[in-house]
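Everything below concerns the one structure shown next.
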Amino acid sequence: MEKPVTSQENAGNRMLAGKCLCGAVQYAVADEFIYAANCHCSNCRRTTGSAFKPFAGIERERLSLTKGEDNLLIFGEETVHDTHCKTCGSLLYSVVRDGAFVHVAMGTLVDEPAIRPTHHIFVGSKAKWFAITDDLPQFEEHVVNAEGADGQPAQTGS
């Protein structure tokens, strides 16, 4: 089992370690995520090379780089971008919501987070070859919270 890069208690707040595939970039993030989801949009699929991106959202200042700040590859603007390791290409997190939040790619966490994805978003543009097999609510597009604007999950035909 892989040992955490950084696992610490900080004023009573549990910190989680995360890193890219090659280990050149490492980060610490508070285990106080506000939301988590599985995103099926075409951008997340292309960025991860997978059917969807499991992510957890938290205020941007709750994540700090612990190694490799000079090894970051940024795609986008200051307030909206994807952050990758420029050596191995791993997507570490996305800066969203006008720079106020980060969506941590959950697969880069070394430590186990308390949160789990609660819903699927952008299922209207999910990969046709992928079938969602869990019972989490599904939304055609983005939702602010898991209940969506009308409280109803998306209806999917497959």
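Just so you know, the sequence shown maps onto residues 10 to 167 in this note's numbering. The beta carbon of each residue, even a glycine, is placed where N, CA and C say it ideally should be.
Specify the secondary structure class of glycine 133 as computed by DSSP and reduced to three states. The residue you call residue 133 lines up with position 124 of the sequence shown. Three-state DSSP puts glycine 133 in a helix.
Determine the direct distance from the alpha carbon of leucine 25 to that of threonine 75, and round the result to whole angstroms. One-based indexing of the sequence shown puts residue 75 at position 66. One-based indexing of the sequence shown puts residue 25 at position 16. Rounded to the nearest angstrom, the two C-alpha atoms are 12 Å apart.
Per the DSSP calculation, serine 103 is bridged to which residue(s)? Along the sequence shown, read from residue 1 onward, the residue named residue 103 stands at position 94. In the DSSP output, where bridge partners are listed per residue, serine 103 has Asp91 and His112.
To the nearest angstrom, how far is the alpha carbon of aspartate 148 from that of aspartate 107? Locating residue 148 in the sequence shown gives position 139, counting from the first residue. Locating residue 107 in the sequence shown gives position 98, counting from the first residue. First, the amino acid is wrong: residue 148 is phenylalanine here, not aspartate. If you take the alpha carbons of phenylalanine 148 and aspartate 107, they lie about 23 Å apart.
Please state whether the Cβ-Cβ distance between serine 134 and serine 59 is less than 8 Å. Residue mapping note: residue 134 aligns to position 125 of the sequence shown, counting from 1. Residue mapping note: residue 59 aligns to position 50 of the sequence shown, counting from 1. Not closer than 8 Å, so no.
What did DSSP end up calling threonine 56 once you bin it into helix, strand or coil? Sequence index remark: in the sequence shown, residue 56 carries index 47 (1-based). Looking at threonine 56 - three-state DSSP - the assignment turns out to be helix.
Just verifying my parser: in three-state terms, what is the DSSP assignment at arginine 69? Position 60 of the sequence shown, counting from 1, holds the residue named residue 69. Helix at arginine 69.
Is it true that the stretch 115–125 meets the stretch 75–93, where meeting means three or more beta-carbon pairs spaced less than 8 Å apart? By the criterion of at least three beta-carbon pairs nearer than 8 Å, the stretch 115–125 is not in contact with the stretch 75–93.
Coarse secondary structure for threonine 96, derived from DSSP in three states: Here residue 96 refers to the residue found at position 87 when the sequence shown is read from its first residue. Judged by DSSP in its simplified three-state form, threonine 96 adopts coil rather than helix or strand.
Is the Cβ-Cβ distance between glycine 27 and leucine 118 less than 8 Å? Position 18 of the sequence shown, counted from the start, is the residue given in the question as residue 27. Position 109 of the sequence shown, counted from the start, is the residue given in the question as residue 118. Contact: yes.
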